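Okay, so the sequence shown: first residue is 0 according to numbering that gives the first Met the number 0, each after it adds one. Written below as structure tokens is the structure these notes are about.
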Amino acid sequence: MNQFLKLPFYVKAFVLLTGVYVLVSILSIAGSLIVPILFAGIIAVLLSPAVRFLVKRRINRAVAIAIILFIVLLLFAALMLLLSTQLTNLNDALPQLSDKFNEFSDSAINWVSATFNIEKEKITNRIEQSKVELLDGSNAAIGFTLTNMGNGLAMIFLIPVYTFMILFYQPHLLQFIRRATGNANQEQTTELLGETKTIIQHYLVGLFFEFLIVAALNIMGLFALGINYALLLGIAGALLNIIPYIGGLIALILFMIIALVTKEPVYVIYVAVLYSIIQFVDNNFIVPRIIGAKVKLNALVSLIGVIAGAALWGISGMFLSIPVIAILKLVCDRIESLKPFGFLLGEIKTVKTVQRKIKK
């Protein structure tokens, strides 16, 4: 270690960049293996207290895990059934939505033609050309989508299996970590594992309750405005809300498109105002009180994490990025040599607090 510190800067930089390149390559190549394990690990941390509760009641560990997983899968199936009903209604209404969208498109073309003195044929030809270009590139997109669907189906079957195994071997895995850190660090390791596990559980449970509250606010707001498919849109918007910045923008666009083709144009403004109010409530009241500031990441890290997760593992990576980075921050905050990295990942308020402490 001391010899490495004495090396020239350019050598250390080369070694560091090589290590990052190798790590990213491994994460990308082994994504189909790593992603289900990460999802399973997060779910296992969430379900661990329930399993421990049943085990304390003298229920066999394997049976306890099976009971908890069965209840979770039953709730998930009920949610999917509810959403599938909404999707069926949306699918039945697609021809009407398409007609309304075409009417709106014709009105928009007429407005552009009259306002900017451009011939309608030129605008129509340009739109048709864009459609052709989009269709030409759709074959690769369809292939990519089918591949992702295949991976998604594989994950649906693998995640429950991995979750069961992680929960079943949890004591064994914890004992391995204690042995790997050495006997001299047994007490520190046990304390670190306990604190990190507790805070991770609180964070993930808080994230789940944030999803429920935002979904309820979305559904009630859209229903009050008379927007069709309020239930489907509300749940989709809450799920996208987990992805910082990008997810919220996609949800807002989705809400506005449905409002545009199903209601009067003024409802687009109503939906935008509604979503802004919900985001204000979420960011200023729900997140600070339910999730807490201990694992709050700064905007730069969140955005880079989401983009990096999407580049590595697609949509799954976008959803995994924030919980994984938050967990890394928790670990960094509790290991002395890694505290600067936890400081880097934290919110700017943390920086101001530290500066005040330094001045005192």
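Virtual Cβ for every residue (Gly too), placed ideally from N, Cα, C. Keep in mind that this is a model prediction, so the values were computed, not measured.
Residue nearest to residue i in terms of C-alpha spacing, selected from the options
i	options	result
Ala-43	Phe-175, Gly-225 and Thr-197	Thr-197
Leu-37	Pro-7, Leu-157 and Asn-59	Leu-157
Leu-216	His-171, Tyr-161 and Val-270	Val-270
Glu-263	Phe-75, Pro-287, Leu-15 and Gly-225	Gly-225
Val-260	Gly-345, Met-79 and Asn-101	Asn-101
Leu-26	Val-10, Ile-212, Ala-307 and Ala-12	Ala-307
Ile-241	Ile-212, Leu-273 and Ser-31	Ile-212
Ile-155	Val-14, Trp-312 and Phe-75	Phe-75
Ile-334	Glu-194, Ile-70, Leu-22 and Ser-31	Glu-194
Phe-222	Leu-311, Glu-190, Gln-185 and Tyr-274	Tyr-274
Asn-227	Arg-57, Asp-105 and Gln-85	Gln-85
Gly-220	Ile-276, Glu-186 and Ser-31	Ile-276
Ala-65	Tyr-161, Gln-185 and Ile-268	Tyr-161
Phe-167	Ser-106, Ser-104 and Ala-63	Ala-63
Gln-169	Thr-114, Ser-47, Arg-125 and Phe-115	Ser-47
Ile-314	Gly-30, Asn-283, Val-272 and Asn-282	Gly-30
Residue i - DSSP class collapsed to helix/strand/coil
i	result
Gly-363	Because the chain spans 0 through 359 in this model, residue 363 falls outside it and cannot be assessed.
Tyr-9	helix
Tyr-269	helix
Gly-18	helix
Gly-236	helix
Gly-181	coil
Ala-250	helix
Glu-120	helix
Lys-225	In the sequence as presented, Lys is not what sits at residue 225; that position holds Gly. If DSSP states are grouped into helix, strand and coil, Gly-225 belongs with coil.
Pro-264	coil
Pro-35	helix
Tyr-244	coil
Ala-107	helix
Ile-70	helix
Asn-217	helix
Ala-49	helix
Asn-59	coil
Ile-334	coil
Ala-29	coil
Contacting residues, own chain, Cβ-Cβ under 8 Å from residue i (five flanking each side not counted)
i	result
Tyr-244	Ala-298, Ser-301, Leu-302 and Val-305
Leu-173	Leu-192
Phe-208	Ile-289
Leu-45	Gln-200, Leu-203, Val-204 and Phe-207
Arg-51	none
Ser-112	Glu-118, Lys-119 and Ile-122
Leu-344	Leu-296, Asn-297, Val-300, Ile-324, Leu-327, Lys-328 and Cys-331
Lys-99	Val-260 and Thr-261
Val-285	Reading the sequence as shown, one finds Ile at residue 285 and not Val. Glu-209, Ile-212 and Val-213.
Gln-185	Arg-177
Leu-311	Val-23, Leu-26, Ser-27 and Gly-30
Cβ neighbours of residue i in the same chain (closer than 6 Å, five flanking residues each side left out)
i	result
Tyr-266	Ala-258
Cys-331	Leu-337, Phe-340 and Gly-341
Gly-316	Gly-308 and Ala-309
Arg-60	Val-54
Ala-250	Gly-236 and Leu-239
Ala-49	Ile-67
Ile-218	Ala-229, Leu-230 and Gly-233
Proximal residues to residue i (C-beta, below 7 Å), its chain only, five neighbours per side dropped
i	result
Pro-159	Leu-68 and Leu-72
Thr-352	Note that Thr-352 scores 48 on pLDDT, short of 50, meaning its location in the model is unreliable; the coordinates nonetheless yield the value given after this. For Thr-352, where only same-chain residues beyond five positions count, there are no Cβ hits under 7 Å.
Thr-188	Ile-176, Arg-177 and Thr-180
Ala-214	Gly-233, Ile-234 and Ala-237
Gln-278	Gly-247
Ile-108	Lys-119, Ile-122 and Thr-123
Ile-41	Leu-203 and Pro-322
C-beta neighbour in chain B for residue i, strict 7 Å
i	result
Ile-321	Protein chains in the displayed structure number just one, and chain B is not present.
| said: Can you confirm whether the stretch 249–263 touches the stretch 220–234 when touching is taken to mean that 3 or more C-beta pairs between the two stretches lie within less than 8 Å? | reply: Touching, yes.
| request: State whether the stretch 23–41 contacts the stretch 318–327, with contact taken as three or more CB pairs (one from each stretch) at a distance under 8 Å. | output: yes
| Can you give, in chain order, each stretch of the beta strand (DSSP E) that sits fully within the stretch 277–329 and has at least 3 residues? | Unbroken beta strand (DSSP E) stretches of 3 residues or longer found wholly inside the stretch 277–329: none.
| Runs of alpha helix (DSSP H) wholly within the stretch 153–204 (minimum 4 residues, chain order) | 169–180
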